[in-house]
Amino acid sequence: MDLISIIVPIYNVERYLEKCINSITKQTYKNLEIILVNDGSTDNSLNICQKIEKSDKRIKIINKKNEGVSIARNEGLKIANGKYVTFIDSDDYIQNDMIQYLYEIILKGVDIAICDYIILDEKNNRKIRNYNCTNKISILEQKEALIRLLKDKEIHNYAWAKLYKMELFKNIKYPVGRKMEDLGIMYKLFLEAVKIGYGTEKKYFYIQREESIMHTISEDFYKDLYELSFERFKTIKKRYPFLLENDINMILRILGVYRKCNIFDYKYIRDSKMEEIYEKILKGKTLKIFFKVDAKYKIKMILFRINRNIYRNI
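Just so we're aligned, residue 235 is where the sequence shown starts under my numbering, counting upward by one.
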């Protein structure tokens, strides 16, 4: 059995941490290296880690000052010895056979294995998510996997619920100082992978917390969302210049961020040349893109073309 490293970045999650770590230590797949990265927690998180460490020799603790989840994951990668690696957020938890499930997908000859997930609120109430009701495993070539990543319906940018060959991270690290760090790295990993395996069984439990980054609306959040999306768009364009899904994703991203520009200085929209980029992407492909998007985005595209001030303030 190959060694698998599990990296858990931790910051002030004492309410959830024990459940998270216990779900890892009780995995049916036993050959694990469990790396707990305490990112300067000021609550009881470190004590919880140290208590559980005493009863499981597979656990390693990195105790560092608070610098954010990207640096925490990168620090974990530095000491990881596994042939494969996965990431688990410290307020989430996993089925006791998730690692085994992902490992069996990896053995089918893929570089990244992905499973599905369930969304829960803080009271463990299940939130509506009806994707992938049938249990199957698909082996995807790189281009098809990228298309699904760009569509963001089955395969998402989240670091978790995936098992990676460690070698993929040789020249790739999580971007520091970003709100949307997963968006800035996942496509790079996919571009390094030859094949990706996607299993529809739900093995990961994602807890949506009200105070989480994803629920925090800020200027930096939207800047990161746009800038990392544009970086991804340009990179994929070099590898797959005619990939329509890449164009569509960037068009929809611009439409989404542009509407939020009234929460911060409009100067950013102007300086980023968002409007010019939008028109350049559409040039010669307007109808192709228009007929590929959902009805609500057709309406947005029409409004954006008619009057951008009205569109921004609706």
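Think of the CB as a built atom: it goes at the ideal place given N, C-alpha and C, for glycine as much as any other residue.
| query | result |
| --- | --- |
| Secondary structure at Asp-277, three-state DSSP: helix, strand or coil? | coil |
| What residue range does the beta strand (DSSP E) around Val-242 cover? | 238-244 |
| Nearest to Ile-483 by CA position, among Lys-404, Lys-387, Ile-536, is which residue? | Strictly speaking, residue 483 in this sequence is Asn, with Ile absent from that position. The option with the nearest alpha carbon to Asn-483 is Lys-387. |
| In chain order, which alpha helix (DSSP H) runs of at least 4 residues are fully inside the region 405-471? | 420-426 |
| Quick one: Cα of Ala-393 to Cα of Asp-481, how far? | 23 Å |
| Based on Cα-Cα distance, which residue from Asn-278, Asn-272, Ile-286 lies nearest to Glu-309? | Asn-272 |
| Taking the alpha-carbon positions, what's the Ser-506 to Phe-455 distance? | 15 Å |
| Can at least three beta-carbon pairs, one atom from the region 411-418 and one from the region 501-520, be found at a separation below 8 Å? | no |
| In this structure, how does DSSP classify Ser-506 when only helix, strand and coil are distinguished? | coil |
| Using the C-alpha atoms, what's the distance from Glu-465 back to Lys-361? | 32 Å |
| Between the region 426-442 and the region 319-338, can you find at least three pairs of beta-carbon atoms closer than 8 Å? | yes |
| So which of Lys-471, Arg-249, Cys-495 has the shortest CA-CA distance to Glu-356? | Arg-249 |
| Out of Tyr-432, Ser-463, Val-428, Leu-478, which one is the CA nearest neighbour of Val-527? | Leu-478 |
| Excluding five sequence neighbours on each side, which residues of the same chain lie with their C-beta closer than 7 Å to the C-beta of Ile-447? | The pLDDT assigned to Ile-447 is 48, lower than 50, so where the model puts this residue is not dependable, and the model offers no usable value. |
| Could you tell me whether any non-hydrogen atom of the ligand HEM is closer than 7 Å to the CB of Cys-495? | Ligands are entirely absent from the displayed structure, and the ligand HEM is therefore not among its contents. |
| Locate the alpha helix (DSSP H) running through Asn-391, then write down its first and last residues. | Neither: Asn-391 is in no alpha helix (DSSP H) and is coded neither H nor E. |
| Please confirm if the region 288-296 is in contact with the region 394-405, defined as three or more CB-CB distances below 8 Å between the two stretches. | no |
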